[in-house]
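Using numbering that gives the first Met the number 0, the letters of the sequence shown correspond one by one to residues 0 to 227.
Just so you know, even glycine gets a beta-carbon here, dropped at the ideal spot from N, CA and C.
Since the model is a prediction, treat every value here as computed from it, not as a measurement.
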Amino acid sequence: MVVSSVVGDYSSSVDRIRTQQLNEYASLVATKWILERFRFVNRFWQCLLISSLLLACWLGMQQVHELGHVLGALATGAKVERVLLHPLSISRTDLSHNPAPLVVVWCGPIVGVMAPVLLWQIAAWVRFPMTYTLRFFAAFCLVTNGLYISIGSLAQIGDCGEMLRHGSSMWQLGLFGLVTVPLGFWLWNGEGERFGLSQQARSVARSHALVMLLTAIVLLLLGLVFRG
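Below, the structure is given as structure tokens:
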């Protein structure tokens, strides 16, 4: 009887241990599944945020650049014939009368870098929750405009050709890129954390991803309106 009792207690203990181990294993599997699902969902919002931001930056950069040309034209008495902002083409501003071509052509890249930086600074001052996206946009405009003017001067393409034909020197175009491009990369430094791309990465806010998607759509529609 004593032996049977001991054996029974031992079997019960083994069963309890096995049950506990199975429960722990099931909990681990469930936790892992939940974490993997969370990572997948967060990755979706991360990809949506980044892709929408890049599209918005490309479209917004061109639109702000052309806005600079338009403002320069209005300030110098030039007549704007049309502004081309179609998403599938390179933006362009056509003028029929242009008494100060050098001013108008330089207003494009100058406003194209200063306006985004000013917008980012205002957003930072008022503590706008998505300030980091405007900082990224400002950096994007600095780098793209700087590379366009400095490297484009070698082939005299687009605005660069106009600048050189109307009196600007190669070194001036190169200096513009020398100032703006490093500044843009400096602004980009450390931005990866907000987009989930660093070791200290944060979870991407769904609302931010949706706002960027809406922004990209609005800029796309604006480009279709000004399609020449």
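Proximal residues to residue i (C-beta, below 7 Å), its chain only, five neighbours per side dropped
i: Ser95; result: Lys78, Glu80
i: Glu229; result: Nothing in the structure corresponds to residue 229, since the chain is present only between 0 and 227.
i: Val210; result: Met129
i: Gln61; result: Leu84, Ser90
i: Ala123; result: Thr130
i: Leu172; result: Ile148, Ser149, Ser152, Cys159, Met162
Sequence-distant residues of the same chain with beta carbon closer than 8 Å to residue i, five excluded per side
i: His207; result: Leu48, Pro128, Met129, Thr132
i: Val63; result: Val110, Gly111, Ala114, Pro115, Cys140
i: Val69; result: Val79, Val82, Thr92
Cβ separation of residue i and residue j, assumed to be a contact under 8 Å, to the nearest whole Å
i: Gly67; j: Val110; result: 3 Å
i: Gly145; j: Phe175; result: 6 Å
i: Val112; j: Leu141; result: 5 Å
i: Leu218; j: Gly76; result: Not quite, the Cβ-Cβ distance comes to about 29 Å (not below 8 Å), so this is no contact.
Close beta carbons around residue i, own chain, < 6 Å, minus the five adjacent residues each side
i: Leu223; result: none
i: Gly71; result: Val102, Val103, Cys106
i: Met169; result: Ser152
i: Trp44; result: Val203, Arg205, Ala208
i: Arg226; result: His85
i: Cys56; result: Phe136, Phe139
i: Leu163; result: Gln155
i: Thr214; result: Ala55
Selected residue, minimal CA-CA separation from residue i, among the options
i: Gly167; options: Leu221, Ser149, Gly191, Val69; result: Checking the sequence, you will find Ser at residue 167 rather than Gly. The option with the nearest alpha carbon to Ser167 is Ser149.
i: Ile156; options: Leu52, Ile89, Ser50; result: Ile89
i: Glu65; options: His165, Pro108, Pro181, Arg42; result: Pro108
i: Ser50; options: Asn188, Ile216, Leu221; result: Ile216
i: Asp93; options: Asp158, Leu221, Gln171; result: Asp158
i: Leu186; options: Trp119, His165, Tyr147, Gln171; result: Trp119
i: Thr179; options: Leu212, Asn188, Thr143, Gly189; result: Thr143
i: Leu221; options: Gly189, Pro181, Leu87; result: Leu87
i: Arg134; options: Gly189, Cys46, His165; result: Gly189
>> For a minimum of 4 consecutive residues, which ranges assigned as the alpha helix (DSSP H) are wholly contained in the region 172–202?
In response: As for any alpha helix (DSSP H) of minimum length 4 sitting wholly inside the region 172–202, there is none.
> Fully enclosed by the region 47–129, which alpha helix (DSSP H) runs are 4 residues long or longer?
Replying inline: 100–124
> At which residue ranges does the region 127–175 contain complete alpha helix (DSSP H) runs of 4 or more residues, listed in the order of the chain?
Replying inline: 130–154, 157–164
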